[in-house]
Amino acid sequence: MSQHFDVVVIGAGPAGYVAAIRAAQLGLKTACIDNFIGKDGKPALGGTCLNVGCIPSKALLDSSKQFHNLVHGFKDHGISAQKPAIDVGTMVGRKDRIVKQFTGGIAQLFKANKVTAIAGFGQLQAGRKVIVTTPDGSTSEVTGTNIILAAGSVPIELPGMAFDGEYIVDNAGALDFQDTPKRLGVIGAGVIGLELGSVWKRLGADVTVLEAMDSFLGAADADIAKIARREFDKQGLAIKLGAKVSKAEVKKKAVEVTYTDKEGEQTLVVDRLLVAVGRRAATKGLLAEGTGVQLDERGRVVVDEHCYTGVEGVWAVGDCVRGPMLAHKGSEEGIAVAELIAGLPGHVNLDTIPWVIYTEPEIAWVGKTEKELKDAGIPYRVGTFPFAAIGRAVAMNETAGQVKMLAHAETDRILGVHMVGPVVSELIAECVVAMEFKGSSEDLARIVHAHPTLSEAVHEAALSVDKRAIHKGN
Amino acid sequence: DGPALSPAAQRVASQHGVDPASVSGTGRDGRVIKEDVQRAMSQPAAAA
């Protein structure tokens, strides 16, 4: 006899747990199935984001930034310290406590909202039945009037470079080094590679990032990527573009990486190697025969603009479907689907999803890049403003970077905003709101911004679109 | 009360003497945005 629910969610990451809570809020009897096991060997809700992604990486980025400032950043302020030292075990322990606090928090939210959490691996069968297999091999089954697939994603493994958890690691491994590696190799100059590379660089590692593409941060606006690259170079992060890795072998407690660049075959020897070339949908084993749910050529669940699979009552959200692999994108899809199931209008605007990279300086953007506008033949105007002319940034000693705003040449509607600089992860929110309201650059230009704040860089960039920024020549 | 106007729409409407009530808004929740006022200005008034 199987238990029946109005909604059964497979996966308790940011897409799945949010969908489950929203469904429960709307009065639907909801279950959420998840098989992630935390560092303490117990089931842990929150998925990749909470356990081995967003939250733990931000914890280490913050700790490593504090240490880096203590060693290098405080002299201008007149602050000195005797022999600064970092205890990596304590830093990682703090990160683990933060993760535990948040995964436990989701368990409490499930209780408060009466969501039934089921530990185990969920596989969808035909007829909206889910078979749950626990780690000890026992099985049970649940059925749902609606099923939400939120299986997430897993790191891509390169052939011949299997993750061994010690020398060749994925994001999870690089969050758990017990000492600072003397030499760290990173394959992939994407968000994960740059953030985790930065963590260990600040703690003293020699970091080399090998990127197969010839351009740096291809998804970002080219001007912003160029400024970021210059700052990373200054920090000593060695980024090698056009470097195609062919093999990595563990020899004498080190990893020998062979790659080819335009000068030919090269060898890099490192103590630890982080492989961060991308992630793929975690749909292996998710679907039994005969469910009717389709996967695309990249293993993603095929859905329409409403995250509907086309199979009655079956939906899919988050990293296991098309679109950017971002926690907030998955969460919004989860909410939209729960609302659709409850008979409410639900919608996610994929055109206004903000991107953030939490390096130093931070990088953030929303909307179209200048190249995308050029390629599409859309007429636009550009406004830029440097943080070096922002009083608050100078007071903070964080003057690198700029805000760049792109607006339609005729209607003035904001089409994209791109930033590199201090705490731009927070500044981007204002631009997302403006774009959601179909705002123009003049709208932001005519809104009062507090002084002195970093947000004045957004205000001045908006003014600069019309060549009337106050604190620079136009 | 009239329609909700964005700050830039308010400026264009005031400067060019456009009655916001005569403009149909295409912004969120029917809000009149800058380009709506611009469009209303470029179109000849509908015959009464």
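Line by line, the protein sequences are chains A and B. So for the first sequence, our numbering puts the first residue at 1; every next one is plus one. So for the second sequence, our numbering puts the first residue at 1001; every next one is plus one. For each residue, glycine too, the CB sits at the ideal point set by N, CA and C. Here the structure is a predicted model, which means the values were calculated and not measured.
Following the continuous alpha helix (DSSP H) through residue 1042/B, name the residue where it begins and the one where it ends. Element bounds for residue 1042/B: 1034-1042.
Just the chain A side, please: which residues come within less than 7 Å of residue 1024/B by C-beta, in chain order? Chain A residues near residue 1024/B: none, gap ~14 Å exceeds 7 Å.
Leaving out five residues on either side along the sequence, give the residues of the same chain with a beta carbon under 6 Å from the beta carbon of residue 420/A. Closer than 6 Å at the Cβ level, and outside the excluded window around residue 420/A, lie 224, 227, 228, 361, 363, 401.
Can you round the beta-carbon distance between residue 14/A and residue 331/A to whole angstroms, since I take them to be within the 8 Å contact cut? Contact between residue 14/A and residue 331/A is confirmed by a C-beta separation of about 5 Å, below the 8 Å threshold.
Closer than 8 Å, Cβ to Cβ, to anything on chain B: give me those residues from the region 424-440 of chain A, in chain order. Residues of the region 424-440 of chain A with a Cβ closer than 8 Å to any Cβ of chain B, in chain order: 436, 437, 438, 439, 440.
Applying the 10 Å Cβ sphere with the 16-neighbour rule, what's the burial state of residue 1030/B? Under the 10 Å beta carbon count, residue 1030/B is surrounded by fewer than 16 other beta carbons and is classified as exposed.
Quick test of the definition: if touching needs 3 or more C-beta pairs under 8 Å, does the region 174-188 of chain A touch the region 268-285 of chain A? Judged by pairs of C-beta atoms under 8 Å, the region 174-188 of chain A touches the region 268-285 of chain A, as three or more such pairs exist.
In whole angstroms, what is the alpha-carbon distance linking residue 248/A and residue 254/A? Distance between the alpha carbons of residue 248/A and residue 254/A: 10 Å.
Other residues of its chain near residue 29/A: CB distance less than 6 Å, five sequence neighbours each side excluded: Hits under 6 Å: 5, 6.
Residues of the region 398-420 of chain A with a CB closer than 9 Å to any CB of chain B: list them in chain order, please. Correct list: 408, 410, 411, 412, 413.
Residues in the region 79-102 of chain A with C-beta within 9 Å of chain B's C-beta atoms, listed in sequence order? So nothing in the stretch comes that close.
Beta strand (DSSP E) segments (min. 3 residues) lying fully within the region 317-368 of chain A: Taking only runs of at least 3 residues, the beta strand (DSSP E) segments lying wholly in the region 317-368 of chain A are 355-357, 362-367.
Taking one C-beta from the region 442-461 of chain A and one from the region 384-400 of chain A each time, how about it: are there three or more such pairs within less than 8 Å? Touching, yes, given that three or more Cβ pairs across the two stretches are closer than 8 Å.
Three or more C-beta pairs below 8 Å linking the region 60-74 of chain A and the region 191-211 of chain A: The region 60-74 of chain A, when compared against the region 191-211 of chain A, does touch it at the 8 Å Cβ threshold.
How many angstroms separate the CA atom of residue 409/A from the CA atom of residue 440/A? Going from the Cα of residue 409/A to the Cα of residue 440/A covers about 11 Å.
Tell me the rounded alpha-carbon separation between residue 1034/B and residue 182/A. Approximately 56 Å between the Cα atoms of the pair.
Count the other CB atoms within 10 Å of the CB of residue 459/A; is the residue buried (16 or more) or exposed (fewer)? Counting the other Cβ atoms within 10 Å of the Cβ of residue 459/A gives 16 or more, which makes it buried.
Could you tell me whether the Cβ atoms of residue 403/A and residue 461/A are closer together than 8 Å? Taking 8 Å as the Cβ cut-off, residue 403/A and residue 461/A qualify as a contacting pair.
Tell me which same chain residues have a C-beta within less than 6 Å of the C-beta of residue 288/A, skipping the five on either side of it? If we look at residue 288/A and ignore the five residues flanking it on each side, its Cβ neighbours are 123, 125.
Return the CA-CA distance between residue 70/A and residue 92/A, expressed in angstroms with no decimal places. Cα-Cα distance, rounded: 19 Å.
Which residues mark the beginning and the end of the beta strand (DSSP E) in which residue 408/A is found? Where residue 408/A is concerned, the enclosing beta strand (DSSP E) stretches over 402-408.
Starting from residue 155/A, trace the beta strand (DSSP E) both ways and give me its first and last residue. For residue 155/A, the enclosing beta strand (DSSP E) starts and ends at 153-155.
Could you please tell me which residues of the region 15-38 of chain A, in chain order, have their CB closer than 8 Å to any CB of chain B? Per Cβ criterion, the list is empty.
Quick one, are the C-beta atoms of residue 324/A and residue 428/A less than 8 Å apart? Between residue 324/A and residue 428/A, the C-beta spacing is not below 8 Å.
Nearest-angstrom Cα separation, counted from residue 293/A out to residue 215/A: Their Cα atoms are separated by approximately 37 Å.
Using the rule of at least 16 other Cβ atoms within 10 Å of the residue's Cβ for burial, across every protein chain shown, is residue 205/A buried or exposed? Its Cβ being crowded by 16 or more others within 10 Å, residue 205/A is buried.
Beta-carbon gap between residue 346/A and residue 151/A smaller than 8 Å: Result no, Cβ atoms of residue 346/A and residue 151/A do not sit closer than 8 Å.
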